[in-house]
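Colleague: Per my numbering, the very first residue in the sequence shown carries number 335; after that it's consecutive.
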Amino acid sequence: MTGSSGYSAPAVAGSGAIALGLAASATTLGAVRLLARSEGSAEKATAKAAKLCGKIDGADESRLEVLTEVGALADCDLIVEAIVEDREAKLELYVRLAAACPNADLATTTSSLLIADLGEAAGVADRFYGLHVFNPVAKMELVELCIPAALRDGAADRARAFCAALGKRAIEVPDQTGFVVNRLLFPYLFDAVRLQESSGMTAEDVDACMSLGAGHPMGPLALIDFVGLDVAIAIGESLAAESGDPAHQPPPRLRELAAEGTLGRKSGAGFFNY
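(1) What does P344 pair with, by DSSP beta-bridge criteria?
(2) Have a look at D487 and E590 and give me their C-alpha separation to the nearest angstrom.
(3) May I ask you to verify whether the region 578-590 touches the region 536-549, counting CB pairs closer than 8 Å and requiring at least 3?
(4) Go to L462, then tell me how far its beta strand (DSSP E) extends in each direction, as first and last residue.
(5) Return the CA-CA distance between G464 and G512, expressed in angstroms with no decimal places.
(6) Do the region 370-379 and the region 405-412 meet, that is, are 3 or more Cβ pairs less than 8 Å apart?
(7) Buried or exposed for R367, going by 16 or more other Cβ atoms inside 10 Å?
(8) Measure the beta-carbon distance from F605 to A537 and round it to whole angstroms, keeping in mind my assumption that it falls under 8 Å.
(9) For T336, is the classification buried or exposed, using 16 other Cβ atoms within 10 angstroms of its Cβ as the cut-off for buried?
(10) Evaluate A472 with the Cβ neighbour count: other Cβ atoms within 10 Å of its Cβ, from every protein chain shown; 16 or more gives buried, anything less gives exposed.
(11) Consult DSSP for R371 and reduce its assignment to one of helix, strand or coil.
(12) Going by the CB atoms, is the gap between E475 and R492 shorter than 7 Å?
(13) Just the C-alpha distance for G340 and H550, rounded to the nearest angstrom, thanks.
(14) Just mark S533 as buried or exposed, buried being the case when its beta carbon has 16 or more other beta carbons within 10 Å.
(15) Touching or not, the region 426-440 and the region 552-561, by the rule of three or more beta carbon pairs under 8 Å?
(16) Please report the straight-line C-alpha distance between A365 and R397, rounded to a whole angstrom.
(17) Would you identify the three-state DSSP class for V561, choosing helix, strand or coil?
(18) For L401 and P344, what's the separation of their Cα atoms in angstroms?
Rendered as structure tokens:
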């Protein structure tokens with residue numbers, strides 16, 4: 335990886351869709367490490383990453399090393415956390431990463447948690463920033479880049495260079511729950527759930543109205559399925575806790591479906607069947 339990319343030894347912590355998409359995309363620049371939670375997760379991540387690399391121009395699965403020990407990232411200069419959207423789980427990981435990787439910049443792909451709060455709570459405020467990429471990572475151009483005031487000199491420039499090298503457009507956003515995209519998007523998505531339930535319309539018809547009438551590439555209910563109902567609920571709860579706005583509260587119907595294990599595409603069913 336060249337100096338123009340901002341980092342010479344990046345890593346991604348996580349094995350979900352965002353983590354794998356970011357790691358596979360970063361192989362277009364050079365060697366990348368991926369930290370998985372267990373040997374089982376590592377095996378699955380390796381297979382999925384190989385498939386992703388095959389779909390991305392310039393990606394190379396041989397450049398991706400999947401590991402399970404935090405200590406194996408000791409010489410990395412960037413580690414991007416992309417695990418479950420749970421504050422305590424993230425903080426526990428940051429503490430481990432900070433101890434094992436004392437020189438690395440640390441970033442998070444969180445879509446709903448406050449960056450300065452996470453950095454301060456983990457004791458890494460001077461080297462911690464937000465790098466919110468969108469799924470599917472290889473296709474989505476935007477990165478919401480959140481640069482807190484405490485970030486050390488040079489880290490913001492490295493972050494911008496990394497995004498540019500990946501072919502992304504980094505837009506610096508305020509440190510507020512949901513940043514810009516999710517803060518505007520989720521009230522709309524939740525309203526679609528409420529409208530479908532109150533009107534008795536089918537999910538297909540609700541989505542067709544927005545796809546055909548507003549030119550959206552994906553209807554709101556299909557988008558919730560894509561995001562994951564559990565993830566949508568977590569984002570809504572974070573938004574509502576900060577804003578107090580009822581529009582940010584996940585609708586009861588969404589919670590009912592999630593409680594039944596109906597989580598969208600990843601579970602095989604949501605508002606649609608897959």
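From the three backbone atoms N, C-alpha and C, an ideal C-beta is built for every residue, glycine too.
Modeller: On the basis of the supplied data:
(1) L412
(2) 47 Å
(3) They do not touch, by the three-pair rule.
(4) Reading the sequence as shown, one finds Phe at residue 462 and not Leu. From DSSP, the beta strand (DSSP E) with F462 extends over F462 to V467.
(5) Spanning the two alpha carbons is a distance of roughly 11 Å.
(6) no
(7) buried
(8) 4 Å
(9) With a pLDDT of 44 at T336, under the threshold of 50, the modelled position of this residue cannot be trusted, and the question is left open.
(10) buried
(11) Judged by DSSP in its simplified three-state form, R371 adopts coil rather than helix or strand.
(12) no
(13) If you take the alpha carbons of G340 and H550, they lie about 34 Å apart.
(14) Exposed is the call here.
(15) no
(16) Approximately 5 Å between the Cα atoms of the pair.
(17) helix
(18) 13 Å
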